[in-house]
Every structure is written in structure tokens, then in C-alpha cells.
Amino acid sequence: MTNEDIQNLIEQIYAVLATYGLNVIGALAIIIIGFIAAGWARRALERALSRSGRVDATIVRFFGSLLRYAIIAFVVIAALQRFGVEATSLVAVFGAAGLAIGLALQGTLSNVAAGVMLLMFRPFKIGDFIDAGGQSGTVKEVGLFTTEMATPDNVKIIVPNGAIWGQAIKNFSGNPTRRVDFLLGIDYGDDINVAMATINRVIGGESRKLDDPAPLVVVGELGDSSVNLIVRIWVNAPDYWDVKFDLTKAFKEQLEADGISIPFPQQVVHHMNAAE
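Residues 2 to 277 in the working numbering are what the sequence shown spells out, letter by letter.
This is the structure we're talking about:
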């Protein structure tokens, strides 16, 4: 390449920079400022809705994400207009692209639709413990595409909204009270009335139980190796696990102290000698 060719190349680069340089810088500035503004607008909206005290936290985060994506879309359009692309042309291109993408990403769009349905009908809210989409955990966030949960041992789980909305949802925090169930087996040789009196005495000492509905202690079934007593106690939902654990221990200790045995599973085998 001769010196003249190099000079012509440099002149062409200068001409391109002179023609499009300011547009490139302007487009970059719009994108950078736009993304910063989108994040700021999202945080501002979430703070404003949270301070009102009348909007659920689940909806707050959803609208925050929706506002951010809307601003980013306008930013991209504004950046392209710096290069002379007309807005009407962009709308047509985005419409065609949206149709193609929609056909290719039907599963993703179904997650968005499911997210909208979850926010409309609100089968659960942030902080609820649920069983949905084949997973169990405390709801941390409901987004446009996925729902974030945390297991009791604090493992993060991301579940597509479509998997949640398309299946049964168990909300363990949905009602203010829950019933704690116990199945206690006693030996066939023990006195059932004494065992039931012991159980009722333990229940009477539990301050977290609810009196309405009243606790229930009944004979449930005659099992293979034990008489099974059914115990049902109603408590406030936040007390469920503490009462479950504490009473399980208390029932065993008090039944043994009162001479009631809790038998191991066993089988009686009768051996018959064949007649000679």
C-alpha cells in the first residue's frame, strides 16, 4: 500500500467520523443515561408504592420491573433515531420482530402471562410459604418470568411462572390458623383412658393452642401392633412448627412417665408343625 492509499484511507475514516461520530457519541450517551434513568425510576417507583402502605410488595416489584423495561425500550428507539431511523419504521420492525419472537418463545411468553395472572389473583404474596411448581419454599419475589423462593435451609429456587400457575398451589401461610396433627400409638395392654387423660393434660399446659376449635383426642384405629390415637390441635400459623416439635417431645416424655408404652412395630408369627 502506497503513501497515497494510506492518505486516502485516513481521509475516508475522518469523513465517516465527521458524519457519524457525533451520532455514535450521542447514541452511547442516550443508552448510558437511559439505563441509569431506568434503574433510578424503578427504585423511585418501588419506594413510592412501598411508602403508601396500600400496595402489596409483590405488585410493587412487578410494576418496578415493568417500568424499567418500558424505559429501556424508549431508550433503544431514541438511540436508533440518532442514525436517522424513523420511529414509524422502528415500530413496524419491532412489530414484525415481536411476532417472530413470540412464535419462537411461546413458553417464555406463557410465563409472562402466568406472572400477570399470579399478580391479578394473588394466590400468595411475598413472605408466604408455598408448595407450587414442584417446589416448596418462602416466596421472595414474583417477576415477569419467574418466581424466586427460598427453602427452609435458605437454598434459592427459581421457578418459571408457567409451572406455578399451571399446577395446584398450596399456600401454608394463606390462613391465620393451622391444625397440628399427631398420631400416637400405645400398647394394646395399656389403658386407653389413662393415655387420653395424659395427652389432654399435656395439651392443657400448652399456652399456644387455640380453644376454638377445641383440641381433639380420639381413638383413630386399631393398628397391627398398637392402638393409634389421633390428636388435633389448632394454633396460629406462625406457631405451627414450634408447637409440633415441642408437643411431640412432651407427649413421649409424659406418656412414658405415666407408664404408657409406645410399642415398636412387631408381628406375631404362628408356626404350625406339619402332621406326620
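Cβ coordinates follow ideal geometry from the N, Cα and C atoms, glycine included.
Pick from the options that is closest to residue i, judged by C-alpha positions
{"i": "G167", "options": "T152, D129, R202 and V113", "result": "V113"}
{"i": "N162", "options": "L68, K171 and A133", "result": "A133"}
{"i": "P124", "options": "M150, I170, A251 and V181", "result": "I170"}
{"i": "F36", "options": "G221, F130, A79 and V25", "result": "A79"}
{"i": "V236", "options": "L110, F122 and D247", "result": "D247"}
{"i": "G40", "options": "A28, S66 and G27", "result": "S66"}
{"i": "D182", "options": "K210, I165 and V232", "result": "V232"}
{"i": "F265", "options": "D188, G135, I73 and V219", "result": "D188"}
{"i": "I33", "options": "A45, I73, L68 and A49", "result": "I73"}
{"i": "A196", "options": "F173, R209, G175 and V220", "result": "V220"}
{"i": "M121", "options": "D243, K210 and L145", "result": "L145"}
{"i": "L211", "options": "V203, R202 and I234", "result": "I234"}
{"i": "G186", "options": "L230, N201, R69 and M150", "result": "L230"}
As assigned by DSSP and simplified to three states, the class of residue i
{"i": "E207", "result": "coil"}
{"i": "G224", "result": "coil"}
{"i": "K171", "result": "strand"}
{"i": "D132", "result": "strand"}
{"i": "P195", "result": "According to the sequence displayed, residue 195 carries Val and not Pro. V195 falls in the helix class under three-state DSSP."}
{"i": "L185", "result": "strand"}
{"i": "L145", "result": "coil"}
{"i": "A105", "result": "Only weak support exists for where A105 lies, its pLDDT of 49 falling under 50; the coordinates are left without a value."}
{"i": "F125", "result": "coil"}
{"i": "D243", "result": "helix"}
{"i": "S287", "result": "Coverage of the chain is limited to positions 2 through 277, which leaves residue 287 absent and any answer about it impossible."}
{"i": "M118", "result": "helix"}
{"i": "G190", "result": "coil"}
{"i": "V270", "result": "coil"}
Exposed unless 16 or more other CB atoms sit within 10 angstroms - verdict on residue i
{"i": "E47", "result": "buried"}
{"i": "T139", "result": "buried"}
{"i": "A71", "result": "exposed"}
{"i": "S51", "result": "exposed"}
{"i": "F63", "result": "buried"}
{"i": "F75", "result": "exposed"}
{"i": "S227", "result": "buried"}
{"i": "R278", "result": "The chain is shown from 2 up to 277; residue 278 falls before or after that span and cannot be answered."}
{"i": "F252", "result": "buried"}
{"i": "I193", "result": "exposed"}
{"i": "R43", "result": "buried"}
{"i": "T249", "result": "exposed"}
{"i": "F130", "result": "buried"}
{"i": "A105", "result": "Here the model assigns A105 a pLDDT of 49, short of 50, so the residue's position is not dependable and the matter cannot be decided."}
{"i": "T178", "result": "exposed"}
{"i": "M273", "result": "exposed"}
{"i": "L217", "result": "exposed"}
{"i": "V244", "result": "buried"}
{"i": "V270", "result": "exposed"}
According to DSSP, residues forming a beta bridge with residue i
{"i": "M150", "result": "V140 and I158"}
{"i": "W235", "result": "R180"}
{"i": "L217", "result": "R233"}
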